[in-house]
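Here is the structure we will look at, set down as structure tokens.
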Amino acid sequence: MQITHLHELGWNHFFQSQLTLEALATSLPFRVTGVQRNLIECLGLDAQGQAQSLQLSTYPWRHEAPENHPTVGDWLLLDRDLQPLHLLERKTLIKRRSAGSEAVLQLIAANIDTLFVVTSCNEEFSLNRLERYLALAAEAAIDVVVVLTKKDLCADTSEYVDALRKPYPSLPIEVINATDAQDVATLAMWCSSGQTIALLGSSGVGKSTLLNSLQGDDGQATAPIREKDSKGRHTTTSRSLHRLQGGGILLDTPGMRELQMVDCEEGIQSTFADIEQLARQCHFHDCQHLAEPECAVRQAVEAGKLEQRRLDNYHKLLAEQARNSGSVAERREQDRALGRFYKQAKASAKRFKSRD
Ligand SMILES: Nc1nc2c(ncn2[C@@H]2O[C@H](COP(=O)(O)OP(=O)(O)OP(=O)(O)O)[C@@H](O)[C@H]2O)c(=O)[nH]1
Ligand SMILES: [Zn+2]
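Residue numbering for the sequence shown follows the UniProt record's numbering, starting at 1 and increasing by one per position.
Right under this line is the structure:
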């Protein structure tokens with residue numbers, strides 16, 4: 001990816017304002033384009049203003065909590081010798097619980113401005129799934145645009161739009177044929193220079209198709225680009241960042257799939273603001289809206305004002321997030337305890353050694 005100005009990578013006032021004038025003059029911001037095991041890939045301008053893609057070791061972060069490790073989309077400050085100084089504060093962050101039984105917090109992506117939640121005008125469309133995505137985005141404080149694909153294969157798309165409009169009147173919804181570049185141009189206003197976008201959606205809804213259409217003639221840029229690192233070695237970089245026709249950046253990482261709710265209570269609350277509002281009229285202030293008497297939420301369901309499905313999903317997502325957050329917190333505590341154990345073991349080993 002060729003760049004001549006950091007703005008093309010998404011650099012803006014939010015990040016710049018974190019730097020003192022001195023830091024601005026003496027350090028170099030690089031954007032993280034990929035993280036693989038012990039290597040961080042990043043892209044920026046060197047001291048001569050030349051575009052550079054670099055691979056750096058994650059070693060300086062080895063003692064940091066998972067939340068403080070670099071992730072795709074992060075801005076990393078380097079010194080003039082291209083050595084890492086520190087990460088800049090994130091505008092937004094998407095995280096998840098890792099797959100498998102181990103409850104480890106994984107960072108998915110940082111500094112996304114707009115999330116395109118992609119779903120199709122067919123049986124794949126699921127309000128439950130959309131509510132989950134909306135809660136995740138709300139928790140990360142990322143703006144959402146719902147993109148309904150495959151309109152060309154659907155006789156009447158209004159039922160899908162209406163189902164979303166009712167609970168979310170101000171949510172931007174775009175109905176498109178993802179294979180048609182002209183149609184996809186309706187998304188241009190979110191894809192201008194300096195903007196970072198990500199796609200979220202199930203397999204087969206048209207994310208890759210949409211990416212290709214948004215890239216226009218630059219479509220081939222989807223393939224990994226080989227660039228030289230600071231030592232002149234060839235590296236494959238920028239695999240997760242794609243430049244769009246409008247100048248924006250699309251951040252595409254495998255981790256966006258199978259997102260689970262972690263630390264997401266506020267996101268769920270704002271996504272289900274109607275239920276939260278009704279809950280204020282429940283007789284018990286800690287009403288769970290299950291079997292309590294004088295529950296305004298259940299009354300709304302009985303009166304046909306609130307879908308039973310929506311209430312069920314609200315309960316399900318809250319339970320899921322409580323379970324995941326709990327286990328992540330437990331896991332953090334275990335890690336901390338293990339860290340203390342290692343430290344103690346090291347200290348006593350030293351003591352024994354000094355006795356020899
Ligand atoms: N007719 C039509 N076909 C579409 C549209 N969007 C996607 N498709 C087709 O649907 C199939 C799946 O699209 P992909 O772009 O591969 O879906 P994806 O979301 O990237 O899927 P994963 O890579 O599995 O996550 C492809 O054959 C596309 O050509 C659309 O709006 N209209
Ligand atoms: Zn209630």
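Every residue gets a Cβ at the ideal spot worked out from N, C-alpha and C, and that includes glycine. This one's a predicted model, so the numbers in the text were calculated from it and none came from an experiment.
Nearest-angstrom Cα separation, counted from residue j out to residue i
i           : j    : result
A163        : T149 : 15 angstroms
L251        : N212 : 13 angstroms
A65         : V104 : 11 angstroms
L200        : L6   : 26 angstroms
S193        : L82  : 26 angstroms
E124        : A198 : 20 angstroms
A300        : L210 : 39 angstroms
L278        : R310 : 13 angstroms
K305        : I108 : 37 angstroms
I225        : E302 : Note that I225 scores a pLDDT of 40, beneath 50, so its modelled location is shaky; the value from the coordinates is reported in the next line. In a straight line, the C-alpha of I225 is about 57 angstroms away from that of E302.
A51         : M1   : 9 angstroms
V146        : E320 : 23 angstroms
E139        : L317 : 13 angstroms
C295        : R132 : 24 angstroms
G246        : Q195 : 9 angstroms
A155        : Y314 : 31 angstroms
A322        : Q269 : 13 angstroms
T157        : H63  : 51 angstroms
residue 358 : T186 : Any property of residue 358 remains undetermined from this structure, which presents the chain solely from 1 to 356.
S208        : H283 : 49 angstroms
L45         : W61  : 23 angstroms
C287        : L24  : 52 angstroms
A291        : W11  : 51 angstroms
P293        : E89  : 46 angstroms
L130        : H285 : 28 angstroms
I142        : S170 : 15 angstroms
D312        : Q106 : 27 angstroms
Neighbour-count burial assignment, residue i, 16 or more Cβ in a 10 Å radius
i           : result
P254        : exposed
G204        : exposed
K166        : exposed
H13         : exposed
H289        : buried
F15         : buried
K91         : buried
A137        : buried
F272        : buried
N128        : exposed
residue 360 : For residue 360 there is no data in the structure shown, the boundaries of the chain being 1 and 356.
L21         : exposed
S17         : exposed
T237        : Only weak support is given to the placement of T237: the predicted model assigns it a pLDDT of 42, under 50, and the value that follows is read from those uncertain coordinates. So T237 ends up on the buried side.
Cβ separation of residue i and residue j, assumed to be a contact under 8 angstroms, to the nearest whole Å
i           : j    : result
residue 369 : V32  : Outside the modelled stretch of the chain, which goes from 1 to 356, sits residue 369, for which no answer is possible.
V184        : I173 : About 15 angstroms; that fails the 8 angstroms criterion.
A178        : G216 : A178 to G216, Cβ: 13 angstroms. No contact.
G49         : E41  : Not really, about 20 angstroms apart at Cβ, beyond 8 angstroms.
Option nearest residue i by Cα separation, candidates the options
i           : options                : result
L9          : L76, G267, A296, A319  : L76
A57         : G49, H69, A51          : Going by the sequence as given, residue 57 is Ser instead of Ala. Comparing Cα positions, the closest option is H69.
N38         : L21, Y59, A23          : Y59
L85         : D156, E320, L19        : L19
S53         : H63, L28, A181, R62    : L28
C264        : A51, L93, R298         : L93
Q281        : T271, R129, R298, V175 : R298
D79         : K316, T26, C42         : T26
residue 361 : C154, Y133, L43, A47   : Given that the chain is displayed from residue 1 to residue 356, the structure contains no residue 361 and the question cannot be resolved.
A188        : P293, S325, L24, F116  : F116
L87         : L171, E131, F30        : F30
D74         : I112, A51, D46         : I112
Y168        : A47, A135, E294        : A135
Q36         : E307, A322, D312, S240 : S240
I249        : E67, L21, A110         : A110
C191        : R243, S202, P293       : R243
T4          : S17, E22, A47, G34     : A47
D152        : A291, D180, Q269       : D180
E266        : E292, L214, S325       : S325
K95         : S120, E67, E89         : E67
Q308        : C287, D286, L45, I275  : I275
S126        : S202, D286, S17        : S202
C121        : Y160, I142, A141       : Y160
Q182        : L171, I142, L214       : L214
Test: residue i CB closer than 8 angstroms to a CB of chain C
i    : result
Q321 : Protein chains in the displayed structure number just one, and chain C is not present.
Residue i CB to nearest heavy atom of ligand 3 below 7 angstroms
i    : result
D152 : Among the ligands present in this structure, namely ligand 1 and ligand 2, ligand 3 is not found.
Beta carbon shell of ligand 2 at less than 5 angstroms from a heavy atom: Ordered along the chain, the selected set is C282, C287, H289, C295, V297.
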